Amino acid sequence: MSATIREVRDAVRSGARSATDVCADALARIEQANPTLNAFNTVVAERAMVRARAIDGDPHRWRGAALAGVPVALKDNLCTRGIRTTASSRMLEHYVPPYDATVVSRLEDAGAVIVGKTNCDEFAMGSSNENSAFGPVRNPWALDRIPGGTSGGSAAGVAAGLIPMALGSDTGGSIRQPAALCGVVGLKPTYGRVSRYGLIAHASSLDQIGPLARTVHDVAVTLGVLAGADSADATSAAEPVPDYTAALTGDVRDIRIGVPRALLEGIDGDVARATDAALDVLRSRGATLVNVDLPHARYATPVYYLVSTAEASSNLARYDGVRYGFRAKDEGPGTTDRGLRSMYARTRALGFGPEVKRRIMLGTYVLSAGYYDAYYLKAQQARTLILRDYDRAFEQVDVVPCGLGNGSRTLFRCT
Amino acid sequence: MPAGFTRDQIAAIAALAHLDLDAAEIDLFARQLGEILEYAEIVQQLDTTGVQPTSSVAGRHLTDRPDEVQPSIDREEALAAAPDAAVNAGFFRVPRVLG
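Laid out in structure tokens, this is it:
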């Protein structure tokens, strides 16, 4: 039984089911499925049951809560106080944060029951969930295929019906791509819509936290809980939060869709056909289709490589074995360098996986003296040109759709 | 722009990044960084004369707050996750910096 947020919340509110029952069911499904899927790094069964019982014990307080009794999972790059948070890295294998991410507090204030932390690519770097220090995640639809990444555990958990909703994070597609590969809904909110406080940073000008769920309605409910300004995140938007579910009328007659023909040209045949079929449905229901031109869109991926790695190299400098996380052991008397810098270098060599090291190396180079202008600054200028294309398009249209994925990417590489 | 990287260049970048790399990693990254930068070369060819760089896409956002003292994480809690904490003194202990 794979219920939605709406179904669970309504059942708990009406008394048809207890939060304790719902939680026990979810934990049982996770226990059964996780050895195969490896979607969870950590399951907090006792804590979840305590929480579920507390919700059942005070129905008046939780009756109106948007996520009353709903079991949820969190990508393991979201800090949870007292619950191990690893970012799927050896560097943080035993790290227990002393604080909750803002999104975690907001979910709990809305009545959600956190059941565990999901597996992901290490430090949210990758696109297949094969870069985790704790093993790959399997796609529930076909166990020899990737679920996508970096929010692979969250996507797989929702797709397998273990929980109705899981949070992921998206820097260059890491919610949207695994959601697509697992056949669930994933939303990357507009930058600034959701507070990043407590998200283990990858690229600070790109990262956003967002929900994965089985229905658009569930995603809308969750976004309503997460969104809004946060004094702990200076980049969070001061914009008011509307009722996202009110927009779900199903009426598309006033919607203008800007189809980026040139962008869709290189896309895999099946994906192109599916995209065209979806556009046909929208057109038949009264949406207007217009061609738009995004001439700089093809620079997006290389710009991403330069900007995100530069920011990541800066953000990951904090993992140095001093304040938290892994520290490489002293190699003992007889080694020539046992000082601080040697400790940094050995800690980071042992604590980080290859993909993380590669991105740190590239980002360090891109930001280094003599190359900053040529690479990082130039990429940020290209970013402006990409943005202007979209600003121009949005003068004529409301939405620009894109097919996602490339068929050959759904297979495992040989390991 | 370099077509490829020498071992010395990779070693210099690794030193900046405080990363110990073994010989195999140095060779691997020399090749891979070269490949990625070759791919990213098309960005270098864009005409960006007079174009302002975008470092942030944050729109209307919080810029400041009243200058009032807010609570902080308790020091013992902050030291609890440290690999080597001098809890009574309130410090993180590290290998020697000088000498």
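In the order they appear, the protein sequences are chains S and A.
Oh and the first sequence: position 164 is 163 in numbering that gives the first Met the number 0, straight run, nothing missing.
Oh and the second sequence: position 70 is 69 in numbering that gives the first Met the number 0, straight run, nothing missing.
Every residue gets a Cβ at the ideal spot worked out from N, C-alpha and C, and that includes glycine.
Since the model is a prediction, treat every value here as computed from it, not as a measurement.
TODO: Count the other CB atoms, across all protein chains shown, that sit within 10 Å of the CB of Leu-36 (chain A); report buried if there are 16 or more and exposed otherwise.
DONE: Here residue 36 (chain A) corresponds to residue number 37 of the second sequence, with the count starting at 1. Result: buried.
Task: Within chain S, the residues that Arg-6 (chain A) reaches when beta carbons sit closer than 9 Å - done: Here the question's residue 6 (chain A) lines up with position 7 in the second sequence. In chain order: nothing, as chain S lies at least about 13 Å away.
- [ ] State the CB to CB distance for the pair Val-42 (chain S) and Val-114 (chain S), rounded to an integer number of angstroms; the pair is presumed to be in contact (CB under 8 Å).
- [x] On the first sequence, residue 42 (chain S) is found 43 positions in, with the first residue counted as 1. On the first sequence, residue 114 (chain S) is found 115 positions in, with the first residue counted as 1. Going by Cβ atoms, the distance from Val-42 (chain S) to Val-114 (chain S) rounds to 6 Å, so yes, they are a contact pair.
TODO: Taking a Cβ distance cut-off of 9 Å, strictly less, list which residues of the stretch 339–359 of chain S are near chain C, in chain order.
DONE: Judged by its chain identifiers, the structure shown contains no chain C, and its protein chains are S and A.
Open item on the list: Looking at the secondary structure, which residues open and close the alpha helix (DSSP H) in which Val-193 (chain S) lies?
Closed with: For the purposes of this step, residue 193 (chain S) is taken as the residue at position 194 of the first sequence. Bounds of any alpha helix (DSSP H) do not take in Val-193 (chain S), whose DSSP letter is neither H nor E.
- [ ] Quick one: measure Cβ to Cβ for Gly-352 (chain S) and Ala-132 (chain S), integer angstroms, because I've assumed they're closer than 8 Å.
- [x] Position 353 of the first sequence, counted from the first residue, corresponds to residue 352 (chain S). Position 133 of the first sequence, counted from the first residue, corresponds to residue 132 (chain S). Rounded to whole angstroms, the Cβ separation of Gly-352 (chain S) and Ala-132 (chain S) is 6 Å, and the two are in contact under 8 Å.
Task: Span separating the alpha-carbon of Asp-143 (chain S) from that of Pro-34 (chain S) - done: For the purposes of this step, residue 143 (chain S) is identified with residue 144 of the first sequence, where counting begins at 1. For the purposes of this step, residue 34 (chain S) is identified with residue 35 of the first sequence, where counting begins at 1. Near 14 Å, if we compare the C-alpha coordinates of Pro-34 (chain S) and Asp-143 (chain S).
TODO: Look up Asn-40 (chain S) in the DSSP assignment and say whether it is helix, strand or coil.
DONE: Here residue 40 (chain S) refers to the residue found at position 41 when the first sequence is read from its first residue. Three-state DSSP puts Asn-40 (chain S) in a strand.
Open item on the list: Need the endpoints of the alpha helix (DSSP H) that Lys-377 (chain S) sits in, please.
Closed with: For the purposes of this step, residue 377 (chain S) is taken as the residue at position 378 of the first sequence. Counting along the chain, the alpha helix (DSSP H) containing Lys-377 (chain S) begins and ends at 377–395.
Open item on the list: Between S:Asn-138, S:Arg-83, S:Val-69, which has its C-alpha nearest Gly-110 (chain S)'s C-alpha?
Closed with: In the first sequence, counting from the first residue as 1, residue 110 (chain S) sits at position 111. Nearest option by C-alpha distance: S:Val-69.
TODO: Using 10 angstroms around the beta-carbon of Pro-301 (chain S), count the other beta-carbons present and answer buried if the total reaches 16, otherwise exposed.
DONE: Position 302 of the first sequence, counted from the start, is the residue given in the question as residue 301 (chain S). Buried, since its Cβ has 16 or more Cβ neighbours within 10 Å.
TODO: Under 8 Å between beta-carbons, which chain S residues line up against Pro-52 (chain A)? List them in chain order, please.
DONE: For the purposes of this step, residue 52 (chain A) is identified with residue 53 of the second sequence, where counting begins at 1. Close to Pro-52 (chain A), with beta-carbon spacing below 8 Å, are these residues of chain S in chain order: Leu-376, Gln-379, Gln-380, Arg-382, Thr-383.
Task: Range covered by the beta strand (DSSP E) that runs through Gly-167 (chain S) - done: In the first sequence, counting from the first residue as 1, residue 167 (chain S) sits at position 168. Gly-167 (chain S) -> beta strand (DSSP E) spans 164–169.
Open item on the list: What are the residues in the stretch 50–76 of chain A lying within 9 Å of chain S by C-beta distance?
Closed with: Across the stretch 50–76 of chain A, CB contacts with chain S closer than 9 Å involve Val-50, Gln-51, Pro-52, Thr-53, Ser-54, Ser-55, Val-56, Ala-57, Gly-58, Arg-59, His-60, Leu-61, Thr-62, Asp-63, Arg-64, Gln-69, Ile-72, Asp-73, Glu-76, in sequence order along the chain.
Open item on the list: Output needed for Gly-3 (chain A): all residues of its chain with C-beta closer than 8 Å, excluding positions within five of it in sequence on either side, in chain order.
Closed with: As a first step, residue 3 (chain A) must be located in the second sequence, where it is residue number 4. Hits under 8 Å: Ala-29, Arg-30, Gly-33.
Task: Through-space distance from Ala-23 (chain A) to Ala-10 (chain A), alpha-carbon basis - done: Your numbering for residue 10 (chain A) matches position 11 in the second sequence. Your numbering for residue 23 (chain A) matches position 24 in the second sequence. Near 12 Å, if we compare the C-alpha coordinates of Ala-23 (chain A) and Ala-10 (chain A).
Task: Euclidean distance between Cα positions of Arg-192 (chain S) and Gly-167 (chain S) - done: Translated into the one-based positions of the first sequence, residue 192 (chain S) becomes position 193. Translated into the one-based positions of the first sequence, residue 167 (chain S) becomes position 168. Spanning the two alpha carbons is a distance of roughly 15 Å.
Task: Nonlocal neighbours in the same chain, by C-beta distance under 7 Å from Ala-25 (chain S), ignoring five residues either side - done: Within the first sequence, numbered from 1, the residue matching residue 25 (chain S) stands at position 26. So the qualifying residues of the chain are Pro-70, Val-114, Leu-161, Ile-162.
Open item on the list: Just to confirm the assignment, what range does the alpha helix (DSSP H) spanning Lys-356 (chain S) have?
Closed with: Counting from 1 along the first sequence, the entry for residue 356 (chain S) is found at position 357. Start and end: 353–366.
TODO: Give a yes or no on whether the C-beta atoms belonging to Thr-117 (chain S) and Ala-159 (chain S) are separated by under 9 Å.
DONE: The sequence position of residue 117 (chain S) within the first sequence is 118, counting from 1. The sequence position of residue 159 (chain S) within the first sequence is 160, counting from 1. No, these two residues do not count as a Cβ contact at 9 Å.
Task: Member of S:Pro-139, S:Pro-177, S:Gly-156, S:Lys-328 whose CA lies at the smallest distance from the CA of Gly-147 (chain S) - done: Stepping through the first sequence from its first residue, residue 147 (chain S) is reached at position 148. Comparing Cα-Cα distances from Gly-147 (chain S) to each of S:Pro-139, S:Pro-177, S:Gly-156, S:Lys-328, the minimum goes to S:Pro-177.
Open item on the list: What does the alpha-carbon distance come out to for the pair Val-42 (chain A) and Gly-172 (chain S)?
Closed with: The sequence position of residue 42 (chain A) within the second sequence is 43, counting from 1. The sequence position of residue 172 (chain S) within the first sequence is 173, counting from 1. Looking at the backbone, the Cα of Val-42 (chain A) and that of Gly-172 (chain S) are separated by about 20 Å.
- [ ] Grab me the residues of Arg-382 (chain S)'s own chain with a C-beta within less than 7 Å of its C-beta, minus the 5 sequence neighbours each way, in chain order.
- [x] For this step, residue 382 (chain S) is matched to residue 383 along the first sequence. Apart from the 5 residues on each side of it in sequence, Arg-382 (chain S) sits with its Cβ closer than 7 Å to the Cβ of Val-302, Val-306 in its chain, given in chain order.
Task: Check whether Ile-254 (chain S) and Thr-214 (chain S) have beta carbons under 9 Å apart - done: Indexing the first sequence from 1 puts residue 254 (chain S) at position 255. Indexing the first sequence from 1 puts residue 214 (chain S) at position 215. At least 9 Å separates the beta-carbon of Ile-254 (chain S) from that of Thr-214 (chain S).
Open item on the list: Please report the straight-line C-alpha distance between Val-96 (chain A) and His-93 (chain S), rounded to a whole angstrom.
Closed with: Walking along the second sequence from the start, residue 96 (chain A) turns up at place 97. Walking along the first sequence from the start, residue 93 (chain S) turns up at place 94. Rounded to whole angstroms, the gap between the alpha carbons of Val-96 (chain A) and His-93 (chain S) is 26 Å.
Task: Delimiting residues of the alpha helix (DSSP H) encompassing Pro-70 (chain S) - done: Indexing the first sequence from 1 puts residue 70 (chain S) at position 71. Element bounds for Pro-70 (chain S): not the alpha helix (DSSP H) but the beta strand (DSSP E), 70–74.
- [ ] Could you tell me whether the Cβ of Leu-361 (chain S) comes closer than 9 Å to any Cβ of chain A?
- [x] The residue given as residue 361 (chain S) occupies position 362 in the first sequence. Taking Cβ atoms only, chain A reaches closer than 9 Å to Leu-361 (chain S), which makes this a yes.
TODO: Going by CA-CA distance only, name the one from S:Glu-330, S:Asp-336, S:Asp-388, S:Arg-195 that's closest to Gly-257 (chain S).
DONE: As a first step, residue 257 (chain S) must be located in the first sequence, where it is residue number 258. In this structure, S:Asp-388 is the residue among S:Glu-330, S:Asp-336, S:Asp-388, S:Arg-195 with its C-alpha nearest to the C-alpha of Gly-257 (chain S).
Open item on the list: Which residues in chain A have a C-beta closer than 9 Å to the C-beta of Pro-301 (chain S)? List them in chain order.
Closed with: On the first sequence, position 302 is the one that residue 301 (chain S) refers to. Under the 9 Å cutoff, chain A gives Ile-35, Tyr-38, Ala-39, Glu-40, Ile-41, Val-42.
Task: Rounded C-alpha distance that separates Leu-91 (chain S) from Asp-319 (chain S) - done: Residue mapping note: residue 91 (chain S) aligns to position 92 of the first sequence, counting from 1. Residue mapping note: residue 319 (chain S) aligns to position 320 of the first sequence, counting from 1. Distance between the alpha carbons of Leu-91 (chain S) and Asp-319 (chain S) is about 11 Å.
TODO: With Pro-177 (chain S) as the anchor, note down where its alpha helix (DSSP H) starts and where it stops.
DONE: Taking the first residue of the first sequence as 1, we reach residue 177 (chain S) at position 178. In the DSSP assignment, Pro-177 (chain S) falls within the alpha helix (DSSP H) that extends over 175–181.
Open item on the list: Spatial neighbours of Thr-221 (chain S) within its chain, please: C-beta separation below 6 Å, excluding the five flanking residues on both sides.
Closed with: The count along the first sequence starts at 1 and reaches residue 221 (chain S) at position 222. Answer for Thr-221 (chain S): Met-164, Pro-210, listed in chain order.
TODO: May I ask which residues mark the beginning and end of the beta strand (DSSP E) holding Leu-288 (chain S)?
DONE: Numbered from 1 along the first sequence, position 289 holds the residue referred to as residue 288 (chain S). First-last of the beta strand (DSSP E) with Leu-288 (chain S): 287–290.
TODO: Would you decide whether Pro-87 (chain A) is buried or exposed? Buried here means 16 or more other CB atoms lie within 10 Å of its CB.
DONE: Translated into positions along the second sequence, residue 87 (chain A) becomes position 88. Residue identity differs from the one stated: residue 87 (chain A) is Asn in this sequence, not Pro. So Asn-87 (chain A) ends up on the exposed side.
Task: Assigned secondary structure, Asn-420 (chain S) (DSSP; H/G/I helix, E/B strand, else coil) - done: A question about residue 420 (chain S) goes unanswered here, because the residues of chain S that appear run from 0 up to 414.
- [ ] Starting from Val-112 (chain S), trace the beta strand (DSSP E) both ways and give me its first and last residue.
- [x] Numbered from its first residue, the first sequence carries residue 112 (chain S) at position 113. Here the beta strand (DSSP E) through Val-112 (chain S) covers 112–117.
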